[in-house]
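**Q** Numbering (the working numbering), first residue to last: 290 to 431. Provided herewith is a single structure, encoded as structure tokens, for subsequent inquiry.
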Ligand SMILES: [Zn+2]
């Protein structure tokens, strides 16, 4: 389960609408309870989408940004618990490419941005054995 605050979702929505028609992406930083498979988001951290050629339907995070965020999280006593990105004019379902780059024990929030408006979103987790995503429960904290 993912626990996230309304304000974080609002931030992702805002970033997604500002970045439209391109995909935006970033990290979910927080704490992970492995035993109960619960991730709690404390902060969202946007990074640049490095894929310039197909930014409308692909996103890519540079190793440098990855390290930068890892350092930042570590300093704050947090860890990377997930990655969020948008799907401009596409549903909030993971693509084949998303599956290719997915890692276990992470929440993948995908927000659909239709005609420049952040619409539906869902959070996905990789099922390592089946090599497919399943939708996870989300609790929105206000
Ligand atoms: Zn995607």
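C-beta atoms are modelled at their ideal positions from N, C-alpha and C, and glycine is treated no differently.
Among 333, 326 and 405, which has the Cα closest to the Cα of residue 311?
**A** 405
**Q** Using beta-carbon positions only, say whether residue 295 and residue 429 come within less than 8 Å of one another.
**A** yes
**Q** Anything with a beta carbon under 5 Å from a heavy atom of ligand 1 counts; list them all in chain order.
**A** Going by the Cβ distance cut-off, the answer is 384 and 387.
**Q** Could you tell me the boundaries of the beta strand (DSSP E) in which residue 399 lies?
**A** Unbroken beta strand (DSSP E) run through residue 399: 396-403.
**Q** Counting along the chain, where does the alpha helix (DSSP H) carrying residue 358 start and finish?
**A** 352-364
**Q** Quick check: the Cα distance between residue 369 and residue 342, rounded to an integer number of angstroms?
**A** 27 Å
**Q** Judging by CA-CA distance, which residue of 396, 360 and 351 is the nearest neighbour of residue 373?
**A** 396
**Q** Using the DSSP secondary-structure output, state which residues sit across from residue 427 in a beta bridge.
**A** 291
**Q** Can the beta-carbon of residue 400 be found closer than 8 Å to that of residue 302?
**A** yes
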